[in-house]
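Protein chains: 4
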Amino acid sequence: MERVGLAVIGAGYWGPNLVRNAQATPGLRLEYLCDLDRERAGRVLGEYSTVRAGDSLEEVLGDPAVSAVAIATPAATHLKVAMAALEAGKHVLVEKPLATNLAEGRQLTAAAERRGLVLMLDHTYCYTPAVRHLRELIRSGGVGSIQYLDSVRINLGLVQPDVDVLWDLAPHDLSVFDAILPDGVRPVAVAAHGSDPIGAGRACVAHLTIRLSGGAMAHVHVNWLSPTKIRTMVIGGSRRTAVWDDLNPSQRLSIYDRGVETYDPAELPPEKREQTIVSYRVGEMVAPALTEQEALRAVMAEFAGSIRERRSPLTDGRSGLRVLALLEAATESLRSDGAFVEIPEETV
Amino acid sequence: MERVGLAVIGAGYWGPNLVRNAQATPGLRLEYLCDLDRERAGRVLGEYSTVRAGDSLEEVLGDPAVSAVAIATPAATHLKVAMAALEAGKHVLVEKPLATNLAEGRQLTAAAERRGLVLMLDHTYCYTPAVRHLRELIRSGGVGSIQYLDSVRINLGLVQPDVDVLWDLAPHDLSVFDAILPDGVRPVAVAAHGSDPIGAGRACVAHLTIRLSGGAMAHVHVNWLSPTKIRTMVIGGSRRTAVWDDLNPSQRLSIYDRGVETYDPAELPPEKREQTIVSYRVGEMVAPALTEQEALRAVMAEFAGSIRERRSPLTDGRSGLRVLALLEAATESLRSDGAFVEIPEETV
Amino acid sequence: MERVGLAVIGAGYWGPNLVRNAQATPGLRLEYLCDLDRERAGRVLGEYSTVRAGDSLEEVLGDPAVSAVAIATPAATHLKVAMAALEAGKHVLVEKPLATNLAEGRQLTAAAERRGLVLMLDHTYCYTPAVRHLRELIRSGGVGSIQYLDSVRINLGLVQPDVDVLWDLAPHDLSVFDAILPDGVRPVAVAAHGSDPIGAGRACVAHLTIRLSGGAMAHVHVNWLSPTKIRTMVIGGSRRTAVWDDLNPSQRLSIYDRGVETYDPAELPPEKREQTIVSYRVGEMVAPALTEQEALRAVMAEFAGSIRERRSPLTDGRSGLRVLALLEAATESLRSDGAFVEIPEETV
Amino acid sequence: MERVGLAVIGAGYWGPNLVRNAQATPGLRLEYLCDLDRERAGRVLGEYSTVRAGDSLEEVLGDPAVSAVAIATPAATHLKVAMAALEAGKHVLVEKPLATNLAEGRQLTAAAERRGLVLMLDHTYCYTPAVRHLRELIRSGGVGSIQYLDSVRINLGLVQPDVDVLWDLAPHDLSVFDAILPDGVRPVAVAAHGSDPIGAGRACVAHLTIRLSGGAMAHVHVNWLSPTKIRTMVIGGSRRTAVWDDLNPSQRLSIYDRGVETYDPAELPPEKREQTIVSYRVGEMVAPALTEQEALRAVMAEFAGSIRERRSPLTDGRSGLRVLALLEAATESLRSDGAFVEIPEETV
């Protein structure tokens, strides 16, 4: 198997994780860790590494040993860095969010498609065993029709200097929604509320309410100020309800055979049609056995695989666009006092 | 000590709890359990009781042995039943919500004030040791200035035939907010989103976003369709953050010495004023020792005490009005696609 | 249906629970609550009750309206009180332990059998939905062969004036073992270690190690001095392992399809027979849906049912003897520095 | 600062962790990873490493660049490998247990002392922030006098081919006891029960009961067959009780101001001297803020520091001997049907 020569760009918070996982991926050959601050890149690699530290994007992109780059620089630089890589003919894996707005994102997907290059989003959570299980369960009809989604992602987080809590944390929730929702259930509009109680200059607590095309509602709560850490997603369905608790390693997924149903009055005898007929189902809960596996390892394998097999990755550029569209609409809603903002049709 | 003669009205879901706790309260003498269905009242009392079962509100209100009533009938009947009791000169304890709208509620508070009678809301949670501790902690400055409030109250609940999930569950959260918030931090406006994914004819999942006069935001999530039960409230403050988990009997309250703060740039040297200065504090967590005590016992004692001492109870009619005002505004917001609706000044 | 006239004897810690549940049991008619301290009995009944308070056991046993008694007096009085009741021709429900030693217990079972009266132990936990589920699961082969049992019952408990922690708490664990173990898996010998670190004059922390006839080992940890409350039992089997957490109302039972197995070397090719062949199975976990029901209600129903149907109750006198035999042997082991003490064959 | 040249010996389960942490320790310079299977060593290092893979202990010990070794080979080889290293003048860090019996262990400590070399045990848990906090709390009197210790370490573990569950898991618990107990509270005797319900040829479930010189009792439960993972230690004291839950990253330590106390009858008025006087204290719980830090990083720093400063490390050879003495006595007790076996005085 020929291996894909890779350069990691950005030696900040996430870069070291890319480096570590790239080194452990058989289909990749790590060539460079590149950062404007070459010393930082060197420190991340450590003194025992044969990987090259660099500070010149140009040099890295000019090296024929490099056929792909993984970009972990601030979002504001994604357009420039990723575009340069695509123009140099390199496949690109990019940190979420794809770019700082939808227009920029479209430039990148267009460039990649034009050149037949892989453009993949590092939507890491989509590669966890839990989300893969959820995706299969939901898309195979195991939860029935979607009734509601609720995602909470809160803890004492780093107040980012450049983005608000929505752009920092919600891409995780939104990309998971994107991966697990069945075809035909797509975000139609979003309303957002945010607050900045510490005077940070940007929202530190935010709530998103998303209307889905099937009529259900999704809600996301992201918060940098919570002393306790919660990462929970509930997917309520007509047949089953799934609860994903990412912080409970011994039981990350719980699938409940529980729910509330109403009967179609038309199927009932006339004298009962007046009242709402509700039935409750309280059955067992099943926690499937999940392999413990670092999601980023699977991200790297998917990147290498999609390059080798010349196919679209699970979290391709268009999934990045769909997340961007939601973030952009949410930001507009924040500015409009929480009014619903529609999601552009083409990205839905 | 002379005891207050009491009649409980309504032998449905909550009535039996009122009966049991009234019997255990030294300051009360339970005379009747009254229900339109006298047999139901009889079944609740059981065969070993000397308390009278009745089905005539008129008879009960005409009995001079009765000087107070506790009303646990559906909300739609509160105006009629409570007004009849007040007009008969009886003190009134009424289930939440006080009435089905603010106008009705005002009639009741006006009637009680005119006659000098106690009108008390059974905001049960306000009488739990946890909420009493929170109230004291917050109002004495222990959490500093309020940064945000977040309340989640979800489980597989009974879909009510007459009210939506907001009117069914949110009075609990709103009455606790009302009890614990310091003077000067009051709800100013509310936005609500709801959904009815099972076709029940009313919202089964709802989210409230409340603007507080101090600038902070409160959020409430109520849900009848969740397979898991959560009852958690977070009160984020500049000095400490409190987490109340009502379903964790061994640690209902956790007070965290954690938070994020920004510095006033004016206090900083000029070269640092450009950037946001944030500091993180991660200190210990203290779980105070709380007495385990049934809250409804304390409700009954407060009702008896306020009658005897001719004083206003902790959860008086005006607290009921403030909760009604929020619910009414939330309902209007639901109808207006989630737009913020202001809370009438006089009830704030 | 003719109802069984019942007297409850003992108005201390447990008596009020018997009174409350007896009143709610259709097959019973509660006649008396009897205590040496009649005022205490009166206080327990409260002022609204038609049940008679008494202080004369003789009077109660002489009343033909009483055909059964439920005894909740200290263990040291069980022989005298229960024997008097049996001699008066009354059926007897008695708190655990049956008596203070095996010889006394045998007097009681003999007397009941001689007279054809029901003698039932209030082994309350055996009537919880969780233990009933476990019993059925285990006895139907659902966990395979028993590999080990482990029970932990610790919290900040009342240091009893008359018994040590073993006699106070372990009857719960031992009676559950007795109820759930399949025929043919019985305690053969027990070793006990205890300590009294606070100078209470009796063991406050104790550990039991029990050899079962199938070769497996059961362990019980009881502790009055733990600041945290734990009530967990693990039943390890060759097919499944069940974990019962009595303090987790949302998931009291977890049935794991997990385990470790060894292969019979005889079934292996010669070159592999030297090494132990171990295989691990990590499958899903299922939490069965259990009805929430007060166990003592089921105790009362079983008592009434066994009297009416003239049959042996689930927790009959012989189950009480088997628990006594274990406690007595454990006490002897405590005195013998933890040496194993055999359980008399006849009670096994 | 001159760095200590290090070789890691053994590329099996634990070796990679030693390699990773050694590389991140400023005071160390990793020279070799040595394994009888050189390819395995190579795979552990990976293709991007400049560290040398080797298969000759002799070569490594003969290299003057190496002044210390970290040994992660099976326990049965510790005597040979560690002795060779000491004889070559190298400082030694060795996995627990120090050796397979006390006599071997003494040879190693004697050899190290004779040559003035550091001999350190990798008792990893002793270097966690939680245990360091416990050690300080207990030794400074914060929990008062020790009343009992209880440690549970169970999960679906690898059945080891060469050692039983006691030798595999209990060194963790015993080394922590050794680190946190105040001077003067030492193990005096141990009784052990074990069982092998799967026919593995060695105990897979075991319980240790340890008598401490102060009169208190410690208990350890280790288990390879549990479907759920528990790692909890309780240290009961007269002033406070500490609970360490190693699997709860958000609250690893809980310090309870709770307990039971008896009064000295001599201090009581004569009429009360007959009864045991017990008082209960239920105060708050404090969860101290602990830094999250990989313990093995601190092990490496302590190893480097003790070499540089020519001092004894926290977990020196003698702590290894004390753990060995307990394990050896426990094994003898297992063979003697659970009889107490005394711990040799010299190691106490």
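Protein chains in written order, with the working numbering: chain G, 1 to 348; chain L, 349 to 696; chain W, 697 to 1044; chain C, 1045 to 1392.
Note that CB positions come from ideal geometry on N, CA and C, so glycine has one too.
Remember, it's a predicted structure, so these values are computed and weren't measured experimentally.
>> Between Ile1115 (chain C) and Ile1190 (chain C), how many whole angstroms is the CB-CB distance? I'm expecting something under 8 Å.
In response: Taking the first residue of the fourth sequence as position 1, residue 1115 (chain C) is located at position 71. Taking the first residue of the fourth sequence as position 1, residue 1190 (chain C) is located at position 146. About 33 Å separates the two Cβ atoms, so there is no contact after all.
> What residues from chain L crowd round Glu1305 (chain C), counting only those whose CB sits closer than 7 Å?
Replying inline: Within the fourth sequence, numbered from 1, the residue matching residue 1305 (chain C) stands at position 261. What Glu1305 (chain C) touches in chain L: nothing, since even the nearest Cβ is about 16 Å away.
>> Strictly by DSSP, which residues pair up with Glu1038 (chain W)?
In response: Numbered from 1 along the third sequence, position 342 holds the residue referred to as residue 1038 (chain W). Answer is W:Ala885.
>> According to DSSP, Gly1098 (chain C) sits in a beta bridge with which residue or residues?
In response: Counted from its first residue, the fourth sequence places residue 1098 (chain C) at position 54. Note: Gly1098 (chain C) sits in a beta bridge opposite C:Cys1078.
> In terms of residues, what are the limits of the alpha helix (DSSP H) holding Asn365 (chain L)?
Replying inline: Working through the second sequence from its first residue, we reach residue 365 (chain L) at position 17. First-last of the alpha helix (DSSP H) with Asn365 (chain L): Gly363 to Gln371.
> With distances taken between CB atoms, is the gap from Leu465 (chain L) to Lys444 (chain L) smaller than 8 Å?
Replying inline: Residue numbering aside, residue 465 (chain L) sits at position 117 when the second sequence is read from its first letter. Residue numbering aside, residue 444 (chain L) sits at position 96 when the second sequence is read from its first letter. Cβ atoms of Leu465 (chain L) and Lys444 (chain L): not closer than 8 Å.
> Of all Cβ atoms in chain L, is any one closer than 8 Å to the Cβ of Ala1174 (chain C)?
Replying inline: Here residue 1174 (chain C) refers to the residue found at position 130 when the fourth sequence is read from its first residue. Interface annotation, Ala1174 (chain C): not in contact with chain L, CB-CB separation never under 8 Å.
>> Among the candidates C:Arg1230, C:Asp1240, C:His1135 and C:Asn1267, whose CA atom is the shortest distance from the CA of Arg1158 (chain C)?
In response: Counted from its first residue, the fourth sequence places residue 1158 (chain C) at position 114. It is C:His1135 whose Cα lies nearest to the Cα of Arg1158 (chain C).
> With C-beta atoms as the reference, is Thr905 (chain W) less than 8 Å away from Gly1382 (chain C)?
Replying inline: The residue labelled residue 905 (chain W) in the question sits at position 209 within the third sequence. The residue labelled residue 1382 (chain C) in the question sits at position 338 within the fourth sequence. Yes, the Cβ-Cβ distance between Thr905 (chain W) and Gly1382 (chain C) is below 8 Å.
> Taking buried to mean at least 16 other C-beta atoms within 10 Å of its own C-beta, is Ala1223 (chain C) buried or exposed?
Replying inline: If you number the fourth sequence from 1, residue 1223 (chain C) lands on position 179. Ala1223 (chain C) is buried by the Cβ-count criterion.
> Under the rule that 16 or more other beta-carbon atoms within 10 Å means buried, what is Thr639 (chain L), buried or exposed?
Replying inline: Start at 1 with the first residue of the second sequence, and residue 639 (chain L) comes out as number 291. So Thr639 (chain L) counts as exposed.
> On the premise that Ala1250 (chain C) lies in contact with Val1209 (chain C), defined as a C-beta separation below 8 Å, what is that separation, rounded to the nearest angstrom?
Replying inline: By one-based count along the fourth sequence, residue 1209 (chain C) stands at place 165. By one-based count along the fourth sequence, residue 1250 (chain C) stands at place 206. Indeed they touch by this definition, with Cβ atoms about 5 Å apart.
> Any C-beta of chain C sitting closer than 8 Å to the C-beta of Pro893 (chain W)?
Replying inline: As a working mapping, residue 893 (chain W) is identified with position 197 in the third sequence. Yes, because at least one Cβ of chain C sits closer than 8 Å to the Cβ of Pro893 (chain W).
> Are there three or more Cβ pairs, one per stretch, closer than 8 Å when the stretch 1063-1074 of chain C is compared with the stretch 1329-1347 of chain C?
Replying inline: yes
>> By DSSP's criteria, Ser1081 (chain W) is part of a beta bridge. Which residues make up the other side?
In response: Residue coverage of chain W in this structure runs from 697 to 1044, which leaves residue 1081 (chain W) outside it and unanswerable.
> Taking just the CA atoms, how far does Pro636 (chain L) sit from Ser238 (chain G)?
Replying inline: Within the first sequence, the letter at position 238 stands for residue 238 (chain G). Within the second sequence, the letter at position 288 stands for residue 636 (chain L). C-alpha separation (whole angstroms): 41 Å.
>> Contact defined as beta carbons within less than 8 Å: I believe Ser279 (chain G) pairs with Glu261 (chain G). What is the distance between those atoms, to the nearest angstrom?
In response: Walking along the first sequence from the start, residue 279 (chain G) turns up at place 279. Walking along the first sequence from the start, residue 261 (chain G) turns up at place 261. The pair is a contact, with the Cβ atoms about 5 Å apart (cut-off 8 Å).
> Unbroken alpha helix (DSSP H) runs of length 4 or more, entirely within the stretch 759-809 of chain W: which are they?
Replying inline: Runs found: 774-783.
> Quick one: what does DSSP say Glu350 (chain L) is sitting in, helix, strand or coil?
Replying inline: Walking along the second sequence from the start, residue 350 (chain L) turns up at place 2. Coil.
>> If distances are taken between C-alpha atoms only, which option among G:Ala85, G:Glu104 and G:Leu57 comes closest to Ala75 (chain G)?
In response: Position 75 of the first sequence, counted from the start, is the residue given in the question as residue 75 (chain G). Per the Cα distances, G:Glu104.
> Where does Ile546 (chain L) sit, in a helix, a strand or coil, going by DSSP?
Replying inline: Your numbering for residue 546 (chain L) matches position 198 in the second sequence. Reduced to three states, the DSSP call for Ile546 (chain L) is coil.
> Is DSSP giving Pro246 (chain G) helix, strand or coil here?
Replying inline: Counted from its first residue, the first sequence places residue 246 (chain G) at position 246. Sequence check: residue 246 (chain G) is Asp here, not Pro. DSSP places Asp246 (chain G) in coil when its eight states are reduced to three.
> With 16 as the cutoff for other CB atoms within 10 Å, does Asp521 (chain L) come out buried or exposed?
Replying inline: Within the second sequence, the letter at position 173 stands for residue 521 (chain L). By the 10 Å Cβ count, Asp521 (chain L) comes out buried.
> Which of helix, strand or coil does DSSP assign to Glu302 (chain G)?
Replying inline: Position 302 of the first sequence, counting from 1, holds the residue named residue 302 (chain G). Looking at Glu302 (chain G) - three-state DSSP - the assignment turns out to be helix.
> Applying a beta-carbon distance threshold of less than 8 Å, which residues of chain C neighbour Gly46 (chain G)?
Replying inline: Your numbering for residue 46 (chain G) matches position 46 in the first sequence. Simply Gln1067 and Ala1068.
> Residues of chain W with a CB under 9 Å from the CB of Thr398 (chain L): which are they?
Replying inline: Working through the second sequence from its first residue, we reach residue 398 (chain L) at position 50. Within 9 Å Cβ-Cβ: Glu743, Tyr744, Ser745 and Thr746.
> With a cut-off of 8 Å, does the C-beta of Phe1036 (chain W) fall near any C-beta of chain C?
Replying inline: Working through the third sequence from its first residue, we reach residue 1036 (chain W) at position 340. Yes - at least one Cβ of chain C is within 8 Å of the one on Phe1036 (chain W).
> Measuring CB to CB, does Ala112 (chain G) end up less than 8 Å from Leu86 (chain G)?
Replying inline: Sequence index remark: in the first sequence, residue 112 (chain G) carries index 112 (1-based). Sequence index remark: in the first sequence, residue 86 (chain G) carries index 86 (1-based). Their beta carbons are under 8 Å apart, which means Ala112 (chain G) touches Leu86 (chain G) by this criterion.
> Around the Cβ of Val696 (chain L), are there at least 16 other Cβ atoms within 10 angstroms (buried) or fewer (exposed)?
Replying inline: Sequence index remark: in the second sequence, residue 696 (chain L) carries index 348 (1-based). Legend: pLDDT at Val696 (chain L) = 48, less than 50; position of this residue unreliable, value from coordinates given subsequently. Per the 10 Å Cβ criterion, exposed.
> Helix, strand or coil for Glu1336 (chain C) per DSSP?
Replying inline: Residue 1336 (chain C) sits at position 292 when you count from the first residue of the fourth sequence. Coil, per DSSP.
> Between which two residues does the beta strand (DSSP E) carrying His207 (chain G) extend?
Replying inline: In the first sequence, counting from the first residue as 1, residue 207 (chain G) sits at position 207. Per DSSP, His207 (chain G) belongs to the beta strand (DSSP E) from Val205 to Leu212.
> When Cβ atoms are compared, which residues of the stretch 1070-1085 of chain C fall closer than 9 Å to chain G?
Replying inline: Arg1073 and Leu1074
> Using a Cβ-Cβ distance under 8 Å, would Val1392 (chain C) count as near chain L?
Replying inline: The residue you call residue 1392 (chain C) lines up with position 348 of the fourth sequence. Because Val1392 (chain C) sits at a pLDDT of 48, beneath the cut-off of 50, its placement in the model cannot be relied upon, and the point is left open.
> Quick one: is Gln641 (chain L) buried, meaning 16 or more other Cβ sit within 10 Å of its Cβ, or exposed?
Replying inline: Position 293 of the second sequence, counted from the start, is the residue given in the question as residue 641 (chain L). It is exposed - the Cβ of Gln641 (chain L) has fewer than 16 other Cβ atoms within 10 Å.
> Which stretch, first to last residue, makes up the alpha helix (DSSP H) that contains Glu1180 (chain C)?
Replying inline: Against the fourth sequence, residue 1180 (chain C) aligns to sequence position 136. First-last of the alpha helix (DSSP H) with Glu1180 (chain C): Pro1173 to Arg1183.
>> Can you confirm whether the stretch 882-896 of chain W touches the stretch 923-932 of chain W when touching is taken to mean that 3 or more C-beta pairs between the two stretches lie within less than 8 Å?
In response: no
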